[in-house]
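Novice:
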Amino acid sequence: MDQLFGDPTPTPAAAGGAGDPAAPLAARMRPATLGDVVGQAHLLKEGAPLRVAIEAGRPHSMLLYGPPGTGKTTLARIVAAAANAAFEELSAVEAGRAEVRAVMERARHRRQTSGTPTVFFLDEIHRFNKAQQDALLPAVEEGVVTLIGATTENPSYEVNAALLSRCRLYELHALTAGDVETLLRRALASGLLAGGAGTATADDEALAFLADRAGGDARAALAALELGVATTGGHVDLTAAEDAFQRRAIRYDKKGDQHYDVISAWIKATRASDPDASLYYLAVMLEAGEDPRFIARRMVILASEDIGGADPQALVVAAAAAQAVQLIGMPEAMHPLAQCAIHLALAPKSNAGYVAIAAAREHVRTHGAQVPPPYLRSANRREPGYAYPHDHPGHVAAQDVMPPALAGVRFYAPDDAEARFAARLTEIRRARGQET
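Residue numbering for the sequence shown is 1 to 436, as defined by UniProt numbering.
Here's what the structure looks like:
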């Protein structure tokens, strides 16, 4: 994944705190020009529309969508600096119409008196309701401000259509653990920590822990590193890193045995109908940074393999959880995953479907595939000899649909948890004259 932070060359002008020693480390390391930025190549590669607009100093209104700590504020400041524009910043969490109106009045005054353009950065724009978002439209349409909205939520759902149509949408990607670790090492080498170059150090395992647990949020990782340095007086080991993040390090190799051991434990705990154990192993995987899509796939498999006809709704829940993971991502995806884990654990269990398909496949492997009866081979339901079930009472015909050589062979045997299936199957077999 891409990263948005390059070598820490703080510049007071557009860095937003870069020259202030009291500012958070992330602010002091914020790139001030496009040349300082590393990553988000899908947005900033040569010839990309956003890069061209920045280099030309011709900003356009846009929505920056992505996880926390990926550089939305940084990009907004770079856009303003490249255009020699005034930079106004508000958070929709705290601001209301009065604050927005004041920004617009200042922007109009600048344009009328000095011709200076204004870039208006509105963080958490999805927190504005429809009326508040609509109030931004006239200023955007008239060019009073160049609006840059930032959001961690999908703008297609959270920003109204009128505003969406007037802004370009750019999606920022989360940083990888490797990206964040590189940034942490640059912070240590920058001299911005502990009062001077070379005075702040950290163990490799501490940096790896901070980078991994940040979940792609560079700001969170830098804040934890800064806290760790301040707390220890200069050297951050794993214990200090854990304290700074207020989370314990989990020994978990996502590509090794632990990856399979924990998912195996989750499957067996869920199969055992223990929701607490199921949630515990789910928490272990989530805390260790396991890919939530991997967990969701295992949930879908378990819903059919271990529950099946005992609760057909389990597969619907698992499939919905998998879709939710794709839609919203982490950390919010932990909620549908937890809901699904509880449902799967408490659902009645049956492996009758698993056993049945295994038996059918083994029969085919051993005996080969038999030719279907001739009246089943055509797509025409009126093929001579074919008994169309809907023409018979109860929509069940007595005609045998197994190949002749397999008459009487059965693979599926509903178990006690599939009582309704067992009753229905008995009813069908009686109607077809296969069972008295």
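Backbone N, C-alpha and C fix where the C-beta goes; we use that ideal spot for every residue, glycine too.
1. Is R432 helix, strand or coil by DSSP?
2. Please classify S91: does DSSP put it in a helix, a strand, or coil?
3. With distance defined between alpha-carbon atoms, name the residue in A189, G308, A174 and A211 nearest to A356.
4. Drop a sphere of 10 angstroms on the beta-carbon of D134, count the other beta-carbons inside from all chains shown, and report buried for 16 or more, exposed for fewer.
5. Spatial neighbours of E305 within its chain, please: C-beta separation below 6 Å, excluding the five flanking residues on both sides.
6. Of all the alpha helix (DSSP H) runs that stay within the bounds of the stretch 275-356, which reach a length of 4 or more residues?
7. Could you compute how far the alpha carbon of A197 sits from the alpha carbon of T146?
8. Within its chain, find whatever has a CB closer than 6 Å to the CB of A283; leave out the 5 residues flanking it on each side and keep chain order.
9. Kindly indicate which three-state DSSP category Y260 falls into: helix, strand or coil?
10. Just the C-alpha distance for E418 and A310, rounded to the nearest angstrom, thanks.
11. Quick one: give me the first and last residue of the beta strand (DSSP E) that F209 is part of.
12. In the DSSP assignment, what are the bridge partners of A150?
13. Looking at the secondary structure, which residues open and close the alpha helix (DSSP H) in which E226 lies?
14. Roughly how many angstroms lie between the CA atoms of T426 and R213, to the nearest whole one?
15. For R51, which of helix, strand or coil comes out of DSSP?
16. Can at least three beta-carbon pairs, one atom from the stretch 388-407 and one from the stretch 330-340, be found at a separation below 8 Å?
17. What did DSSP end up calling H235 once you bin it into helix, strand or coil?
18. Under the assumption that V144 contacts R111 (Cβ atoms under 8 Å), give the Cβ distance between them as a whole number of angstroms.
19. Quick check: A26 and A218, are their CB atoms within less than 8 Å of each other?
Specialist: Taking the geometry as given:
1. On the sequence shown, residue 432 is found 432 positions in, with the first residue counted as 1. Correct three-state label for R432: coil.
2. Mapped onto the sequence shown, residue 91 falls at position 91. If DSSP states are grouped into helix, strand and coil, S91 belongs with the strands.
3. On the sequence shown, position 356 is the one that residue 356 refers to. The option with the nearest alpha carbon to A356 is G308.
4. Your numbering for residue 134 matches position 134 in the sequence shown. Exposed, since its Cβ has fewer than 16 Cβ neighbours within 10 Å.
5. Your numbering for residue 305 matches position 305 in the sequence shown. Result list for E305: Y354, in chain order.
6. 275-287, 292-302, 313-328 and 334-346
7. By one-based count along the sequence shown, residue 197 stands at place 197. By one-based count along the sequence shown, residue 146 stands at place 146. Because A197 sits at a pLDDT of 48, beneath the cut-off of 50, its placement in the model cannot be relied upon, and the following sentence gives the value as read from the coordinates. Their Cα atoms are separated by approximately 39 Å.
8. Taking the sequence shown and counting its residues from 1, one reaches residue 283 at position 283. Excluding positions up to five away in sequence, the list is empty.
9. Taking the sequence shown and counting its residues from 1, the one referred to as residue 260 is at position 260. Reduced to three states, the DSSP call for Y260 is helix.
10. The sequence position of residue 418 within the sequence shown is 418, counting from 1. The sequence position of residue 310 within the sequence shown is 310, counting from 1. So the two alpha carbons sit approximately 5 Å from each other.
11. For the purposes of this step, residue 209 is identified with residue 209 of the sequence shown, where counting begins at 1. Segment D204 to R213 is the alpha helix (DSSP H) holding F209; no beta strand (DSSP E) there.
12. One-based indexing of the sequence shown puts residue 150 at position 150. L64 and D123, per the DSSP bridge assignment.
13. As a first step, residue 226 is located in the sequence shown; it is residue number 226 there, counting from the start. Taken as a continuous stretch (DSSP letters only), the alpha helix (DSSP H) holding E226 covers A218 to T232.
14. Here residue 426 refers to the residue found at position 426 when the sequence shown is read from its first residue. Here residue 213 refers to the residue found at position 213 when the sequence shown is read from its first residue. T426 and R213: Cα-Cα distance of roughly 55 Å.
15. Translated into the one-based positions of the sequence shown, residue 51 becomes position 51. Three-state result, R51: helix.
16. no
17. Residue mapping note: residue 235 aligns to position 235 of the sequence shown, counting from 1. The answer is strand: DSSP assigns H235 an E or B state.
18. Taking the sequence shown and counting its residues from 1, one reaches residue 144 at position 144. Taking the sequence shown and counting its residues from 1, one reaches residue 111 at position 111. The pair is a contact, with the Cβ atoms about 7 Å apart (cut-off 8 Å).
19. As a working note, residue 26 is residue 26 in the sequence shown. As a working note, residue 218 is residue 218 in the sequence shown. The answer is yes: Cβ separation under 8 Å.
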